[in-house]
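Report on one structure; see the data block that follows.
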Amino acid sequence: MKNFWKILISVALFFSTFTFPFRSQADEKQPDSEVIVVYKNQDGKESALESAETVEQTYKNIPAVAVTADEETVQELEDDPDVLYVEENVSFTSLDGTSLKAFTNKTSDNGYSFEQWNLTPLQVQLAWSIGVTGKNTKVAVIDSGISPHDDLTIAGGVSTVGYTSSYRDDNGHGTHVAGIIGAKHNSDGIDGVAPDVQLYAVKALDKKGTGDLVSILKGIDWSIQHGINIINMSLGTTSDSKILHDALDKAYQKGIILVAASGNDGNGKPVNYPAAYNSVIAVSATNEKNRLASFSNTGAAIEFSAPGTSIISTYLNQQYAIGDGTSQATPHVTGMLALLKQQYPTSRNTDLRTKMQNYVSDLGLAGRDQLFGYGLIRYKNNVMAFAKAEQAVKQAEKNKRKSTITTAKKAVDLLPSNTDKQALKKRLDRVIEQLKKVAASKVKHAEKYKKKTTADAAQKAINELYKTAFRTNLQNRLNMVRSILLKNAKKTVSYAERKRSDRNISKAQTSINQLHRGKDKTKLQSRLNKVKKKAALAYNKKVTTAKIKVRQAERSRTKKNKYAAQSAVNKLKKSAIKTQLRKRLNAIKLK
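For the sequence shown, the positions run -26 to -1, 1 to 565 when mature numbering (1 follows the signal peptide of the UniProt record, and there is no 0) is used.
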């Protein structure tokens, strides 16, 4: 019996060495992970589907499947030559700077007004007045869905979240965004930027305003499949995602315009994803003073800015709400692009994105900057006229000629009165001021040196000025310079007339040459020419006399004749005749 118990205990100990380690490994098994498998080919897709614990999502236009799998399976998929890469599911949130504050339908019992300040700087009324309202433009709002509302017409939609098949909004964020884009323009409630767009609700965020990469990708996939023109994404994450990047690039290649919020972490904080991708238009937020909203993220990716503070829009249960955020700024840009899509129906998404640069008011640094991008979006019903006027202003700035300034002024005058027109006028004013400074400097130079070259340069600069008291004053000062030059010329001519020396005649001619063309110059030149003629006659007489004297000396070589000839030759100017006569005299002296 004693041996029996020893054997029994030994057996128990033997099996215990196998059971306890087994239980420990089971306890340490990692839970399944949600991943997205991007495959190269059909074999890669089948591998992912077959090895997954569960299949969460498949996509029609994106070569990927969303699955749950354990760590070992994920590693096997990553090593599969038919799989491009495997990526973890990440979360997304709506990008409100503050929580939406609801108030009763068509009332202001919470102190909020239905006055939509945000539409004024956008000048969307100009678009509406010519029938540009976003007609026939399909806009997908990838968000928390859209709730039924009297101010909204929902063309359709889809739910990509797991807990409901309805695209009805249960958070409020998506409905608020949708109202900014396309609330009806019917003199009731609020107005959207593009009141006649076709709104599609893509519910990818839950009742808390959060979602994940799997749902976002499904929304993008659905938008490609249904021929959406513009996707609005008032959501974001700080996590970069290759599959999201690739999916959005695919949508962009399919002709879809992509618009996303930059984030609400504040100036200097990097732009969130997906707004940071090149294929996506990143939007920053401005306040009522057209300054950067304090919460708005910034960076080189920012392409446009739009109002994002105290924005009233549609909300749940037929209500309205007010809110702040780049979430609110983004649908303004989406709405403006919808207007352009109607206005330029044959333009591609890349072309519309470029055209949008002409529909802005430049804020901050000139050109594109990291706060406002190309500027605050603003509709212009004559953007071609503006582009023409701006080009004319640039030409005036370049060559600074009165003729080009006049051309630019005429082009600018045709524009409607707004801040853009005023900005162009200011630029022209700066060119005119530059011309004034140049003219004043050249007149001062002419006063100092009193030469024809400086006077002519000053006159040329004055001629580029418009007729004003300033120009008259400069002209009077230059006329005084010319008067001094004329007085000097008269004086030297008179002196030459009295004493016809070569030196006096030369001085008189120099002073005449400094005069501007005109009657005075002609008269003085005529008087001097007479002096020159008389001087020439007198000189010719001297030459004749010298020739006679030399000939007399040659015939009669007396000392008196030689002296008289030498004296006559000495009075001649240095010339060939004088040299010849001297040689003849020298020949006489040698004999």
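Think of the CB as a built atom: it goes at the ideal place given N, C-alpha and C, for glycine as much as any other residue.
Computed from a prediction, not measured in an experiment: that's the story for all the values here.
Suppose the cutoff is 8 Å on Cβ atoms and the five residues either side in sequence are ignored; what does the same chain contact list for residue i look like?
{"i": "Val386", "result": "Ala363, Ala366, Val367, Lys395, Leu398, Lys399 and Leu402"}
{"i": "Arg474", "result": "Val505, Lys508, Ala509 and Ala512"}
{"i": "Val135", "result": "Lys177, Ala178, Leu179, Asp180, Gly185 and Ser189"}
{"i": "Leu314", "result": "Ser321, Leu326, Lys329, Met330 and Tyr333"}
Relative to the C-alpha of residue i, which residue among the options is closest?
{"i": "Lys383", "options": "Gly146, Lys177, Ile190 and Tyr440", "result": "Tyr440"}
{"i": "Thr111", "options": "Ile230, Gly338, Glu45 and Gln499", "result": "Ile230"}
{"i": "Gly299", "options": "Ile286, Ala259 and Leu337", "result": "Ala259"}
{"i": "Lys563", "options": "Lys547, Lys552, Ala527 and Lys548", "result": "Ala527"}
{"i": "Ala7", "options": "Ile36, Val60 and Asp54", "result": "With the sequence shown as reference, residue 7 is identified as Ser, and Ala is not the correct amino acid for it. Ranking the options by Cα distance to Ser7, first place goes to Val60."}
{"i": "Leu209", "options": "Lys182, Asn203 and Asp195", "result": "Lys182"}
{"i": "Asn323", "options": "Ala312, Phe346 and Asn332", "result": "Ala312"}
{"i": "residue 651", "options": "Gly163, Ile164, Ile204 and Asp165", "result": "An answer regarding residue 651 cannot be provided, because it is not within the stretch -26 to 565 covered by the chain."}
{"i": "Ile202", "options": "Asn261, Asn238, Thr272 and Ile116", "result": "Ile116"}
{"i": "Asn241", "options": "Ser549, Leu389, Asp343 and Leu290", "result": "Asp343"}
{"i": "Asn92", "options": "Thr107, Asp220 and Ile351", "result": "Ile351"}
{"i": "Ile154", "options": "Ala267, Leu266, Lys495 and Ile296", "result": "Ile296"}
{"i": "Ser68", "options": "Ile104, Tyr247, Ala542 and Asp476", "result": "Tyr247"}
{"i": "Trp102", "options": "Ala470, Gly156 and Gln199", "result": "Gly156"}
{"i": "Ile36", "options": "Val48, Val517, Leu546 and Ile217", "result": "Ile217"}
{"i": "Lys354", "options": "Leu100, Thr94 and Lys557", "result": "Leu100"}
{"i": "Ala274", "options": "Arg265, Ser301, Ala267 and Lys243", "result": "Lys243"}
{"i": "Lys465", "options": "Phe444, Thr442, Lys495 and Thr446", "result": "Lys495"}
{"i": "Lys434", "options": "Thr94, Lys374 and Gln199", "result": "Lys374"}
{"i": "Lys192", "options": "Ala463, Thr94, Ser268 and Ile10", "result": "Ile10"}
At the level of alpha carbons, what is the spacing between residue i and residue j?
{"i": "Arg491", "j": "Asp430", "result": "11 Å"}
{"i": "His147", "j": "Ser118", "result": "6 Å"}
{"i": "residue 573", "j": "Asn206", "result": "Residue 573 lies beyond the range of the chain shown here (-26 to 565); nothing can be said about it."}
{"i": "Ser270", "j": "His150", "result": "19 Å"}
{"i": "Ala22", "j": "Val41", "result": "8 Å"}
{"i": "Ala225", "j": "Lys410", "result": "55 Å"}
{"i": "Thr428", "j": "Lys422", "result": "9 Å"}
{"i": "Thr519", "j": "Asn478", "result": "24 Å"}
{"i": "Lys109", "j": "Asn160", "result": "15 Å"}
{"i": "Lys552", "j": "Ala413", "result": "52 Å"}
{"i": "Lys534", "j": "Asn514", "result": "23 Å"}
{"i": "Ser457", "j": "Lys497", "result": "15 Å"}
{"i": "Val64", "j": "Glu27", "result": "19 Å"}
{"i": "Phe278", "j": "Val245", "result": "13 Å"}
{"i": "Tyr137", "j": "Lys75", "result": "26 Å"}
{"i": "residue 571", "j": "Asn356", "result": "With the chain running from -26 to 565 in the structure shown, residue 571 is simply not present."}
{"i": "Glu24", "j": "Gly237", "result": "39 Å"}
{"i": "Asp325", "j": "Asn261", "result": "29 Å"}
{"i": "Ala249", "j": "Ala256", "result": "5 Å"}
{"i": "Thr532", "j": "Lys493", "result": "56 Å"}
{"i": "Leu502", "j": "Asn544", "result": "26 Å"}
{"i": "Lys481", "j": "Gln554", "result": "30 Å"}
{"i": "Ala235", "j": "Thr328", "result": "19 Å"}
{"i": "Arg525", "j": "Asn560", "result": "13 Å"}
{"i": "Val98", "j": "Ile104", "result": "10 Å"}
{"i": "Phe88", "j": "Gln292", "result": "15 Å"}
{"i": "Lys523", "j": "Lys548", "result": "18 Å"}
{"i": "Asn264", "j": "Tyr348", "result": "14 Å"}
Taking 8 Å as the threshold (beta carbon to beta carbon), is residue i in contact with chain C?
{"i": "Asn356", "result": "Among the protein chains of the structure shown there is no chain C, as only one such chain exists."}
If you drop the 5 nearest sequence neighbours on each side, which residues of the same chain put their C-beta closer than 6 Å to that of residue i?
{"i": "Lys158", "result": "Asp125 and Pro169"}
{"i": "Ile120", "result": "Ile128, Asp143, Gly148, Thr149, Ala152 and Ala175"}
{"i": "Ala303", "result": "Val257, Ala259, Ala280 and Gly282"}
{"i": "Asn145", "result": "Ser118, Lys181 and Gly183"}
{"i": "Lys376", "result": "Glu438"}
Ignore the nearest five residues each way along the sequence and tell me which others in residue i's own chain have a CB closer than 7 Å to its CB.
{"i": "Glu371", "result": "Arg401 and Val405"}
{"i": "Asp56", "result": "Tyr13, Lys14, Asn15, Asp17, Gly18 and Ser21"}
{"i": "Asp83", "result": "At Asp83, the pLDDT of 47 sits below 50, so the modelled position is not reliable and the matter cannot be decided from this model."}
{"i": "Ser253", "result": "Leu222, Asp223, Tyr226 and Leu232"}
{"i": "Ile379", "result": "Ala370, Leu402, Val405 and Ile406"}
{"i": "Phe444", "result": "Lys410"}
Since residue i and residue j should fall inside the 8 Å C-beta cutoff, what is the C-beta to C-beta distance between them, to a whole number of angstroms?
{"i": "residue 566", "j": "Gln499", "result": "A query on residue 566 cannot be resolved here, the shown segment of the chain reaching from -26 to 565 and no further."}
{"i": "Val167", "j": "Leu96", "result": "7 Å"}
{"i": "Arg459", "j": "Lys424", "result": "A small fix is needed here, since residue 459 is Leu in this sequence, not Arg. Confirmed, about 6 Å."}
{"i": "Ser197", "j": "Ala114", "result": "5 Å"}
{"i": "Ile164", "j": "Tyr294", "result": "7 Å"}
{"i": "Ile276", "j": "Leu388", "result": "Ile276 to Leu388, Cβ: 32 Å. No contact."}
May I ask you to check if the CB of residue i is nearer than 7 Å to at least one heavy atom of the ligand NAP?
{"i": "Thr381", "result": "As for the ligand NAP, it is missing from this structure, which has no ligand bound."}
* Touch check for the stretch 443 to 462 and the stretch 414 to 423: three-plus C-beta pairs under 8 Å? -> yes
* Asked: Does the count of Cβ pairs from the stretch 16 to 33 and the stretch 188 to 198 closer than 8 Å reach three?
  -> The stretch 16 to 33 makes contact with the stretch 188 to 198: 3 or more CB pairs, one atom from each, lie closer than 8 Å.
* To do: May I ask you to verify whether the stretch 285 to 296 touches the stretch 307 to 315, counting CB pairs closer than 8 Å and requiring at least 3?
  => With the cut-off at 8 Å, the stretch 285 to 296 and the stretch 307 to 315 do not touch.
* **Given 8 Å, three or more beta-carbon pairs between the stretch 331 to 343 and the stretch 123 to 137** => no
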